[in-house]
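Trainee: Protein chains in written order, with this note's numbering: chain R, 119 to 709; chain V, 119 to 709.
Number of protein chains: 2
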Amino acid sequence: MISNLSSLFVRTLRDDPAAAEVPSHRWLVRAGYIRRAAPGIYSWLPLGLKVLQKVESIVREEMEAIGAQEVHFPALLPREPYEQTNRWTEYGDNLFRVVDRKGADMLLGPTHEEMFTLLVKDLYSSYKDLPLSLFQIQTKYRDEARPRAGLLRGREFVMKDSYSFDIDQDGLEASYQAHREAYIKIFTRLGLDFVIVAAMAGAMGGSRSEEFLAVAANGEDTFVRSPGGYAANVEAVRVAPPAAQPIEAAPAMAIVATPDTGTIAGVVDLLNAEHARADRPWTGADTLKNVVFLVTAPDGTTSPLALGLPGDREVDAKRLEAALEPSVATPFTAEDFERYPDLLVGFISPVSLDGTRVLGEESVTKIRYVVDPRVVDGTVWVTGANVVDEHLSGVTAGRDFVADGVLDVAEVREGDPAPDGSGPLTLARGIEMGHIFQLGKKYAESLDLKVLDQNGKLQVVTMGSYGVGVSRAVAAVAEATCDDKGLCWPVGLAPYPVHIVATGKDQAVFDEAARIAAELDAEGVDVLVDDRKASPGVKFADAEILGMPVILVIGRGLAEGKVELRDRRTGERNEVAVGDAVAAISELLAR
Amino acid sequence: MISNLSSLFVRTLRDDPAAAEVPSHRWLVRAGYIRRAAPGIYSWLPLGLKVLQKVESIVREEMEAIGAQEVHFPALLPREPYEQTNRWTEYGDNLFRVVDRKGADMLLGPTHEEMFTLLVKDLYSSYKDLPLSLFQIQTKYRDEARPRAGLLRGREFVMKDSYSFDIDQDGLEASYQAHREAYIKIFTRLGLDFVIVAAMAGAMGGSRSEEFLAVAANGEDTFVRSPGGYAANVEAVRVAPPAAQPIEAAPAMAIVATPDTGTIAGVVDLLNAEHARADRPWTGADTLKNVVFLVTAPDGTTSPLALGLPGDREVDAKRLEAALEPSVATPFTAEDFERYPDLLVGFISPVSLDGTRVLGEESVTKIRYVVDPRVVDGTVWVTGANVVDEHLSGVTAGRDFVADGVLDVAEVREGDPAPDGSGPLTLARGIEMGHIFQLGKKYAESLDLKVLDQNGKLQVVTMGSYGVGVSRAVAAVAEATCDDKGLCWPVGLAPYPVHIVATGKDQAVFDEAARIAAELDAEGVDVLVDDRKASPGVKFADAEILGMPVILVIGRGLAEGKVELRDRRTGERNEVAVGDAVAAISELLAR
Numbered sequence: 119m120i121s122n123l124s125s126l127f128v129r130t131l132r133d134d135p136a137a138a139e140v141p142s143h144r145w146l147v148r149a150g151y152i153r154r155a156a157p158g159i160y161s162w163l164p165l166g167l168k169v170l171q172k173v174e175s176i177v178r179e180e181m182e183a184i185g186a187q188e189v190h191f192p193a194l195l196p197r198e199p200y201e202q203t204n205r206w207t208e209y210g211d212n213l214f215r216v217v218d219r220k221g222a223d224m225l226l227g228p229t230h231e232e233m234f235t236l237l238v239k240d241l242y243s244s245y246k247d248l249p250l251s252l253f254q255i256q257t258k259y260r261d262e263a264r265p266r267a268g269l270l271r272g273r274e275f276v277m278k279d280s281y282s283f284d285i286d287q288d289g290l291e292a293s294y295q296a297h298r299e300a301y302i303k304i305f306t307r308l309g310l311d312f313v314i315v316a317a318m319a320g321a322m323g324g325s326r327s328e329e330f331l332a333v334a335a336n337g338e339d340t341f342v343r344s345p346g347g348y349a350a351n352v353e354a355v356r357v358a359p360p361a362a363q364p365i366e367a368a369p370a371m372a373i374v375a376t377p378d379t380g381t382i383a384g385v386v387d388l389l390n391a392e393h394a395r396a397d398r399p400w401t402g403a404d405t406l407k408n409v410v411f412l413v414t415a416p417d418g419t420t421s422p423l424a425l426g427l428p429g430d431r432e433v434d435a436k437r438l439e440a441a442l443e444p445s446v447a448t449p450f451t452a453e454d455f456e457r458y459p460d461l462l463v464g465f466i467s468p469v470s471l472d473g474t475r476v477l478g479e480e481s482v483t484k485i486r487y488v489v490d491p492r493v494v495d496g497t498v499w500v501t502g503a504n505v506v507d508e509h510l511s512g513v514t515a516g517r518d519f520v521a522d523g524v525l526d527v528a529e530v531r532e533g534d535p536a537p538d539g540s541g542p543l544t545l546a547r548g549i550e551m552g553h554i555f556q557l558g559k560k561y562a563e564s565l566d567l568k569v570l571d572q573n574g575k576l577q578v579v580t581m582g583s584y585g586v587g588v589s590r591a592v593a594a595v596a597e598a599t600c601d602d603k604g605l606c607w608p609v610g611l612a613p614y615p616v617h618i619v620a621t622g623k624d625q626a627v628f629d630e631a632a633r634i635a636a637e638l639d640a641e642g643v644d645v646l647v648d649d650r651k652a653s654p655g656v657k658f659a660d661a662e663i664l665g666m667p668v669i670l671v672i673g674r675g676l677a678e679g680k681v682e683l684r685d686r687r688t689g690e691r692n693e694v695a696v697g698d699a700v701a702a703i704s705e706l707l708a709r
Numbered sequence: 119m120i121s122n123l124s125s126l127f128v129r130t131l132r133d134d135p136a137a138a139e140v141p142s143h144r145w146l147v148r149a150g151y152i153r154r155a156a157p158g159i160y161s162w163l164p165l166g167l168k169v170l171q172k173v174e175s176i177v178r179e180e181m182e183a184i185g186a187q188e189v190h191f192p193a194l195l196p197r198e199p200y201e202q203t204n205r206w207t208e209y210g211d212n213l214f215r216v217v218d219r220k221g222a223d224m225l226l227g228p229t230h231e232e233m234f235t236l237l238v239k240d241l242y243s244s245y246k247d248l249p250l251s252l253f254q255i256q257t258k259y260r261d262e263a264r265p266r267a268g269l270l271r272g273r274e275f276v277m278k279d280s281y282s283f284d285i286d287q288d289g290l291e292a293s294y295q296a297h298r299e300a301y302i303k304i305f306t307r308l309g310l311d312f313v314i315v316a317a318m319a320g321a322m323g324g325s326r327s328e329e330f331l332a333v334a335a336n337g338e339d340t341f342v343r344s345p346g347g348y349a350a351n352v353e354a355v356r357v358a359p360p361a362a363q364p365i366e367a368a369p370a371m372a373i374v375a376t377p378d379t380g381t382i383a384g385v386v387d388l389l390n391a392e393h394a395r396a397d398r399p400w401t402g403a404d405t406l407k408n409v410v411f412l413v414t415a416p417d418g419t420t421s422p423l424a425l426g427l428p429g430d431r432e433v434d435a436k437r438l439e440a441a442l443e444p445s446v447a448t449p450f451t452a453e454d455f456e457r458y459p460d461l462l463v464g465f466i467s468p469v470s471l472d473g474t475r476v477l478g479e480e481s482v483t484k485i486r487y488v489v490d491p492r493v494v495d496g497t498v499w500v501t502g503a504n505v506v507d508e509h510l511s512g513v514t515a516g517r518d519f520v521a522d523g524v525l526d527v528a529e530v531r532e533g534d535p536a537p538d539g540s541g542p543l544t545l546a547r548g549i550e551m552g553h554i555f556q557l558g559k560k561y562a563e564s565l566d567l568k569v570l571d572q573n574g575k576l577q578v579v580t581m582g583s584y585g586v587g588v589s590r591a592v593a594a595v596a597e598a599t600c601d602d603k604g605l606c607w608p609v610g611l612a613p614y615p616v617h618i619v620a621t622g623k624d625q626a627v628f629d630e631a632a633r634i635a636a637e638l639d640a641e642g643v644d645v646l647v648d649d650r651k652a653s654p655g656v657k658f659a660d661a662e663i664l665g666m667p668v669i670l671v672i673g674r675g676l677a678e679g680k681v682e683l684r685d686r687r688t689g690e691r692n693e694v695a696v697g698d699a700v701a702a703i704s705e706l707l708a709r
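#1: Beta carbons nearer than 8 Å to chain V: which residues of the region 539-558 of chain R have them?
#2: May I ask you to list, following chain order, the residues of the region 270-304 of chain V that have a beta carbon less than 8 Å from some beta carbon of chain R?
#3: Closer than 7 Å, Cβ to Cβ, to anything on chain R: give me those residues from the region 188-199 of chain V, in chain order.
#4: Using a Cβ-Cβ cut-off of 6 Å (strictly less than) and excluding sequence neighbours within five positions of residue 250 of chain V, which residues of its own chain qualify?
#5: Hey, is residue 646 of chain V's beta-carbon within less than 8 Å of any beta-carbon in chain R?
#6: Starting from the N-terminal side, write out each stretch of the beta strand (DSSP E) that is 3 residues or longer and does not extend beyond the region 146-176 of chain V.
#7: When you check each C-beta in the region 571-597 of chain R against every C-beta of chain V, which residues fall closer than 7 Å?
#8: Nearest-angstrom Cα distance between residue 346 of chain R and residue 541 of chain R?
#9: Rounded to a whole number of angstroms, what is the C-alpha to C-alpha distance between residue 619 of chain R and residue 692 of chain R?
#10: Per DSSP, residue 684 of chain R forms a beta bridge with which residues?
#11: In three-state DSSP terms, what is residue 455 of chain R?
#12: Quick one: Cα of residue 547 of chain R to Cα of residue 331 of chain R, how far?
#13: Just checking, does the region 544-559 of chain R make contact with the region 582-590 of chain R on the three C-beta pairs under 8 Å criterion?
#14: Counting only C-beta atoms, is residue 569 of chain R closer than 8 Å to chain V at any point?
#15: Does residue 161 of chain V come within less than 8 Å of chain R when only Cβ atoms are used?
#16: DSSP three-state label for residue 65 of chain V, please.
#17: In the DSSP assignment, the alpha helix (DSSP H) including residue 519 of chain V goes from what residue to what residue?
#18: On the premise that residue 270 of chain V lies in contact with residue 549 of chain V, defined as a C-beta separation below 8 Å, what is that separation, rounded to the nearest angstrom?
#19: Does any C-beta atom of chain R lie closer than 8 Å to the C-beta of residue 146 of chain V?
#20: Select from V/129, V/148 and V/127 the residue whose C-alpha is nearest the C-alpha of residue 137 of chain V.
#21: Can you name the residues that DSSP bridges to residue 223 of chain V?
#22: Please report whether the beta-carbon of residue 259 of chain V lies at a distance below 8 Å from any beta-carbon of chain R.
#23: Could you check what DSSP says for residue 266 of chain R in three-state terms: helix, strand or coil?
#24: Please state whether DSSP places residue 383 of chain R in a helix, a strand or coil.
#25: Which of the three DSSP states is assigned to residue 484 of chain R in this structure?
As structure tokens, then:
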């Protein structure tokens, strides 16, 4: 296909769009690939749509290669199935809800586990029908609280979602592995630098789950890696608890007066000044910080929750969100504290010398008390005394208090040990491109998907769920490849692999541009020809913004039989004889 | 591509689905091509999706062939643009409305004139940029009051919509003609028997408009044709008014006592019995029937409207709906009549001997009075007298009453003259497959789409709007080709052009099926192989239901080197030597 820029529906913009947070968003808009229609909702212009369709083709090919069969579900769905799995409620404000003219509740599908489960239930009845993998490339909807970064987090977006159906866990493992390998092929073909990390299952339920993250400084996800090969989304990191300490070795509790200290740092300074230890100075890591949240369940009921964690660590909001999902925790407000006068801010403790414990099952106020995994039996802490201006030292877990549970949501730090002992963690950021889940029987049970097994008994089917962000991939590739001059597509995704810039007013130049374009087109290479009446400067700048990988400049040199070949990716420029141009282009495309 | 029925995600059903109104719906569900997800909302299973994708490809190719450029808009759209063109209101209950988490009003796009207009306004500024045609293949939403017939009238459906932008009417004519020709190619390639008929522009506004109807007994649309080539959707038929008659020749008005007549037929009988005419008997066509409607505007305001039409014709509800759109007319109820005690049901008249006129601008009750186009000046009628049990004869249009306007909504009958004098009309039914409109400047004006013209002056752009029902086409082709045994696809749309049925338990049969399939696949022919352990009867019945055009049966005859080739379309069966099978299949596919 040959397109002429004079008639192509595209205009480059000189200025960044409002609220362009990341380069991919800025350049996709400035290059005329997409346009914002509403917050988090974009229209695809011809160039952008071509890239999107190429991503779709790659995804489709790799899904078909593992035997997955393509189907297509509606986006507008009835409430009932989502009611049966409780997601109608759990999705909360993230769900776009619609009431039809007859008053029926409907929704715009954020993901389709329910519909796939019911469809398989409708058609299949025997273990002989399995295994089965179905996929669709479809438009999804989530009413994000903070749509951002253009296509990276939108409210209407294209996903490939697939679902596997197996009679047993072995089958599920095989289906999961097949998808995992297909995803590796997909993201490799997209040219993305990606990592596979352990992930939280989140609202999807289920057990084993991994994410494919495109490494990107502007990514929303933080992940960790160790030298020994551990990799996890930071939300999924499960701290390996230290060994329990012998309780007998622990010191006795003692009151420490801590007036005017204000912060944990203040308490630590006071301890070092007035209660210095012989072996090592006090640090924040010796203190047990107790923070209180109000937890709101999907049904709207609320309850307080207190968390004890080492005083030198903050709570990671995303890890907290992921751990409690679908419930939502917010830090106690002044108003919340007013309802619990026993909670003395700055001095809260799971233990009190005078017996007025305010946290945990045996406490006065019966606030559920959970601790960081580092708070194992025998560890000794300085913590509040439930008395103003007093702390307690020598507070020993398992002796002086017993927590109601463990909640692993403290920040993960560069240098923290990997939970599998594979070395210190480094942190990096990424864009979630794919997610694979072993759902297990959760949806099949809720929706009663059973088939007859080898023994003629009804057996609940076990499922996997697998997603690729198709429209997001367009932005992720742009993010990874763009530079300060514009977009820069890999050959396999470029709307046109070749962009011919014809400069000047000499008709011979335009004729030669058309001739070379025709020759390339005959070889199956799509070409964009800048045939406009514009200055060379405008044309060169547009070529860089539009981002086709190979740029051929035909201008004055043509009189001497010369044209210039530019590699948009490396910036390399070479003069070549016009007769060698097509061969040189093919060579560059193949590189 | 080769697929085996043993693993293909499809199950044929023995029984018709509930509420299967038309054969295409019945068979698409029974053959496992689609499944209902909600009223008027369908999921596409693998076989159905393949047909849909083939239709999409044909449409895309023909749109690109006329230089239209593909884009893709969101389905979830902001309210504002639709507010500016008043369609937010005019669409009424047909629009799916959504309120997002921030309280913003949104909608699921029923059609995208607004968004396209705004996008072109965003990018283009000069007549030099024009002409431009853009298209998308996209999911649309209309909350139909009566979704029916499966894919034929759904609430979520796939459409190709395109829009042309031109600087002047000549340009619009050219763009319209290009689309018209592309549509002829599309529907020809789909193998549909179609007619192009004059159409109403309806809610789209604009002037010239034609519909492409697939001729189908179960179609929702009624259209007319004349021997001389006139063709129109029945809603668009504009009756050619007869010549006005000299008023001087008209008889004087006279009171006719019509007690106990009840109906128009009763009045006619009485006239023939008591006031017989010498030249010809009285008929219903001599009477002027006055019917009253309550008209509700999109903003909810209501007003009465009276229509005078020949007593032998009914009002055609669809013609009335189309003529008044976006307002809606409902016949006066008993309650409505109570509010207008002057209106004596059965005796309503636009004229009264005693001066108590109840219809028309000069009437007592000031009800707007419109007439059928046949009621021209000088025509003479028998109509009500606004007095119980009395009619008036000799009532002459233009002398005794003057209507406030013309409303052409009476039923069109087989044998009525074509308005262009091209002979008597015949009526038939069809499925609306495509619609092309000359919108003109309506949307460009509402949304202020102007470009600089040749003289440097801002000029409102003139637009066309063109739609193809893509998912509907799947049903229309099924409707045209299915028989009492199942589906029967044309080669170009079949999910697999060839269906190989391997019967019996002989492994050699299955091996030969696989070998022939591989040979066809190598030639680029997709093949479905029935490799299941099922009886020949089950397999033959399924092959007929599934509807691939060419069926190759491999069974016992293989031992003697024979296979059977069946043409699903004609029912023809031929034994061929196994070595000739591939050549025979190719020959049959090319037929």
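Cβ coordinates follow ideal geometry from the N, Cα and C atoms, glycine included.
Mentor: Walking through what the data contain:
#1: none
#2: 273 and 274
#3: 188, 189, 190, 191, 192, 193, 194, 195 and 196
#4: Working through the second sequence from its first residue, we reach residue 250 of chain V at position 132. Taken in chain order, the residues that qualify are 283.
#5: As a working mapping, residue 646 of chain V is identified with position 528 in the second sequence. It does not: the Cβ of residue 646 of chain V has no partner Cβ on chain R nearer than 8 Å.
#6: 152-156 and 159-162
#7: none
#8: As a first step, residue 346 of chain R is located in the first sequence; it is residue number 228 there, counting from the start. As a first step, residue 541 of chain R is located in the first sequence; it is residue number 423 there, counting from the start. When rounded, the distance between both Cα atoms is 6 Å.
#9: Numbered from its first residue, the first sequence carries residue 619 of chain R at position 501. Numbered from its first residue, the first sequence carries residue 692 of chain R at position 574. Roughly 15 Å separates the two Cα atoms.
#10: The residue given as residue 684 of chain R occupies position 566 in the first sequence. According to DSSP, residue 684 of chain R bridges with R/669 and R/691.
#11: Counting from 1 along the first sequence, the entry for residue 455 of chain R is found at position 337. Correct three-state label for residue 455 of chain R: helix.
#12: Along the first sequence, read from residue 1 onward, the residue named residue 547 of chain R stands at position 429. Along the first sequence, read from residue 1 onward, the residue named residue 331 of chain R stands at position 213. Looking at the two C-alpha atoms, the distance is approximately 8 Å.
#13: yes
#14: Your numbering for residue 569 of chain R matches position 451 in the first sequence. No, no contact with chain V.
#15: Start at 1 with the first residue of the second sequence, and residue 161 of chain V comes out as number 43. Yes, contact with chain R.
#16: With chain V covering 119 to 709 only, the question about residue 65 of chain V has no answer from this structure.
#17: Indexing the second sequence from 1 puts residue 519 of chain V at position 401. Unbroken run through residue 519 of chain V: none, as it is neither H nor E.
#18: As a working note, residue 549 of chain V is residue 431 in the second sequence. As a working note, residue 270 of chain V is residue 152 in the second sequence. Going by Cβ atoms, the distance from residue 549 of chain V to residue 270 of chain V rounds to 6 Å, so yes, they are a contact pair.
#19: Counted from its first residue, the second sequence places residue 146 of chain V at position 28. Output row for residue 146 of chain V: interface = no.
#20: For the purposes of this step, residue 137 of chain V is taken as residue 19 along the second sequence, with counting starting at 1. That would be V/148, whose Cα lies nearest to the Cα of residue 137 of chain V.
#21: If you number the second sequence from 1, residue 223 of chain V lands on position 105. Paired residue(s): V/217.
#22: Along the second sequence, read from residue 1 onward, the residue named residue 259 of chain V stands at position 141. Closer than 8 Å to some Cβ of chain R, the Cβ of residue 259 of chain V qualifies, so yes.
#23: As a first step, residue 266 of chain R is located in the first sequence; it is residue number 148 there, counting from the start. Residue 266 of chain R: strand per DSSP, three-state reduction.
#24: Within the first sequence, the letter at position 265 stands for residue 383 of chain R. If DSSP states are grouped into helix, strand and coil, residue 383 of chain R belongs with the helices.
#25: As a first step, residue 484 of chain R is located in the first sequence; it is residue number 366 there, counting from the start. Note: residue 484 of chain R maps to coil in three-state DSSP.
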